[in-house]
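Quick notes on the structure that follows.
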Amino acid sequence: MSAFSISYIVLWVLVAVLSLVVFALVRQIGVLHDRIAPTGALMLAKGLTVGEPAPVVMVGDLDGVSRNVGGQRSDGRNTLVMFVSPTCPVCKVLLPVLKSSARTEHSWLDVLLASDGEAAIQSEFRRQNGLASLPYILSPTLGIAYQVNRLPYAVLLDERGVVLARGLINSREHLESLFEAKRLGVASVQAYLEARHADRAA
Amino acid sequence: MNIVIDPAVSSLLALGGAALFGWAAAHKLRTREAFAATLAEHRLVPQRLVAFTALVLAVVELATAAMLLWPDTRSLGGVVGAVLLVIYASAITINLARGRKDLDCGCGLRPRAIGGWMVARNLIVAVLLGLLWLPLSDRALGAADFATIVATLLIGALLYASIELLLGRAMPRDLFSAERS
Chain A
356 MSAFSISYIV LWVLVAVLSL VVFALVRQIG VLHDRIAPTG ALMLAKGLTV GEPAPVVMVG
416 DLDGVSRNVG GQRSDGRNTL VMFVSPTCPV CKVLLPVLKS SARTEHSWLD VLLASDGEAA
476 IQSEFRRQNG LASLPYILSP TLGIAYQVNR LPYAVLLDER GVVLARGLIN SREHLESLFE
536 AKRLGVASVQ AYLEARHADR AA
Chain B
15 MNIVIDPAVS SLLALGGAAL FGWAAAHKLR TREAFAATLA EHRLVPQRLV AFTALVLAVV
75 ELATAAMLLW PDTRSLGGVV GAVLLVIYAS AITINLARGR KDLDCGCGLR PRAIGGWMVA
135 RNLIVAVLLG LLWLPLSDRA LGAADFATIV ATLLIGALLY ASIELLLGRA MPRDLFSAER
195 S
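As structure tokens, this is what we get:
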């Protein structure tokens, strides 16, 4: 046997083993998907009702601009209001995720950060986390009107100011579940799972 | 007809085996106490002989690696390596039969639970090393063989590691140190 036929046989053996490893890996991914239930933003019982218009609140932001949150938008864009605070550790972990989502969903979504408290502390927080590209609302009334009692909390509004989804956000999956909620037309992952169970039972 | 083995395949198996045993021996010698504790856990060797056996196993592994590297002792190294692997496979089988599935195999950097697949792996590698006992066919090695051997060793090592990670059940380390202390 020549060197090349040996090399040829060895290659075939390696390709066969490699294919088996790839197959095992792909199967493992399937198993993982099967075992991990879909996760989503936690809907707390108390709060705005999905499918109804959110209250329109006049607020000021750190740049000194006044704007309305909620209500009809003439440009047809959706709004994500993200409630954060310098004192909430999870918020800090979530901010890079929020920035990256704001970039990828740029075509249809405006992201607003909302907080309340001392302007100096908030400005410092905004500077440290590189949030200059996102409007930063400073308003105690907005959180009350939107019934926010835990942070980080997000509300997704459509172009008419109607609540599409809302919930407690602790990870990228939670944040993206809000966009999925809009895409699938369901209120939350809880609603989605219930509908799926009902489907299976039927 | 005499069954012969191509010198390129033989070198490939020998170098692969040398890498396997060299790495295993280095790891056992570096963490000698941990390996002795693992060996004791297997409950196959009398307690008094555990430390001695652990050292002997590591030294034999090192010698196997050295023998595989040297062409004159290659076939002997292959047989010793195959015997070692069969011994390990039997140790794992005995403990699996005892229902003790949560033992560390003592074969990696991280604790890894023993399993049926390890027995199969050891037997496959043992058969491959056993092939070294076959007489070499008459052929001079050239540059193409060198390329085949180097590339296959690298890819083979990566595939071996991938399979180990895929099939191996990692064990929580602190659980183990608690058990050992």
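Sequence order for the protein chains is A and B.
So in my numbering, spot 176 of the first sequence is number 531, and the numbers just go up one at a time.
So in my numbering, spot 97 of the second sequence is number 111, and the numbers just go up one at a time.
Backbone N, C-alpha and C fix where the C-beta goes; we use that ideal spot for every residue, glycine too.
{"Query": "Sufficient close CB pairs (3 or more, under 8 Å) joining the segment 62 to 75 of chain B to the segment 83 to 90 of chain B", "Result": "no"}
{"Query": "Contact set for L506(A): own chain, Cβ-Cβ below 7 Å, skip 5 residues either direction", "Result": "F438, V439, S440, C443, C446"}
{"Query": "Segment contact flag, the segment 500 to 515 of chain A with the segment 529 to 543 of chain A, C-beta cutoff 8 Å, min 3 pairs", "Result": "yes"}
{"Query": "Pairwise C-alpha distance: V412(A) and T496(A)", "Result": "8 Å"}
{"Query": "Cβ-based neighbour list, W463(A), same chain, cut-off 8 Å, excluding 5 preceding and 5 following", "Result": "R432, N433"}
{"Query": "Beta-carbon proximity list for I524(A), same chain, < 6 Å, skipping 5 on both sides", "Result": "A396, P507, A509, L530"}
{"Query": "Proximity winner among A154(B), P149(B), A157(B), relative to L90(B) (alpha-carbon distances)", "Result": "P149(B)"}
{"Query": "Close beta carbons around Q383(A), own chain, < 8 Å, minus the five adjacent residues each side", "Result": "none"}
{"Query": "Residue range of the unbroken beta strand (DSSP E) whose run includes Y491(A)", "Result": "491 to 493"}
{"Query": "Counterpart residues of S421(A) in DSSP-defined beta bridges", "Result": "G415(A)"}
{"Query": "Where A154(B) falls, given that 16 or more other Cβ within 10 Å makes a residue buried", "Result": "exposed"}
{"Query": "Cβ-based burial, G113(B) [other Cβ within 10 Å; buried from 16]", "Result": "exposed"}
{"Query": "Contact list for the segment 149 to 176 of chain B against chain A, Cβ threshold 8 Å", "Result": "S151, R153, L155, G156, A158, D159, A161, T162, T166, I169, G170, L173, S176"}
{"Query": "contact_flag[the segment 35 to 48 of chain B, the segment 103 to 113 of chain B] where n(CB pairs < 8 Å) is 3 or more", "Result": "no"}
{"Query": "Alpha helix (DSSP H) segments (min. 4 residues) lying fully within the segment 17 to 76 of chain B", "Result": "21 to 44, 46 to 55"}
{"Query": "Beta-carbon spacing of Y567(A), L417(A) below 7 Å", "Result": "Not covered by the structure: residue 567(A). The range shown for chain A is 356 to 557."}
{"Query": "Burial state of H461(A) (16 or more Cβ within 10 Å)", "Result": "exposed"}
{"Query": "Reference D471(A), options G498(A), L380(A), K537(A), V377(A), closest by Cα", "Result": "G498(A)"}
{"Query": "Close Cβ partners of S25(B) (< 6 Å) along its chain, the five nearest in sequence each way excluded", "Result": "I163"}
{"Query": "Cutoff 6 Å; reference N484(A); Cβ partners in own chain excluding five residues on either side", "Result": "L450"}
{"Query": "Any C-beta of chain A under 7 Å from that of A105(B)", "Result": "no"}
{"Query": "DSSP three-state assignment for D471(A), whether helix, strand or coil", "Result": "coil"}
{"Query": "Buried or exposed (CB count within 10 angstroms, at least 16 for buried), E75(B)", "Result": "buried"}
{"Query": "Interface positions of the segment 15 to 29 of chain B facing chain A (Cβ-Cβ less than 8 Å), listed along the chain", "Result": "D20, A22, V23, L26"}
{"Query": "Chain-ordered neighbours of L180(B) on chain E, where CB pairs are closer than 8 Å", "Result": "In the structure shown, chain E cannot be found, because the protein chains are A and B."}
{"Query": "Spatial distance of V100(B) from S357(A) (CA atoms)", "Result": "33 Å"}
{"Query": "Own chain partners of G92(B) with C-beta closer than 8 Å, once the 5 adjacent residues on each side are dropped", "Result": "L27, A28, G31, L82, L143, G144, L145, L146, W147"}
{"Query": "L369(A) at chain B interface by Cβ criterion, 7 Å", "Result": "yes"}
{"Query": "Local conformation of Y363(A) per DSSP, three classes", "Result": "helix"}
{"Query": "Residue range of the beta strand (DSSP E) that includes T434(A)", "Result": "433 to 438"}
{"Query": "Interface partners of V372(A) on chain B, CB under 7 Å", "Result": "L173"}
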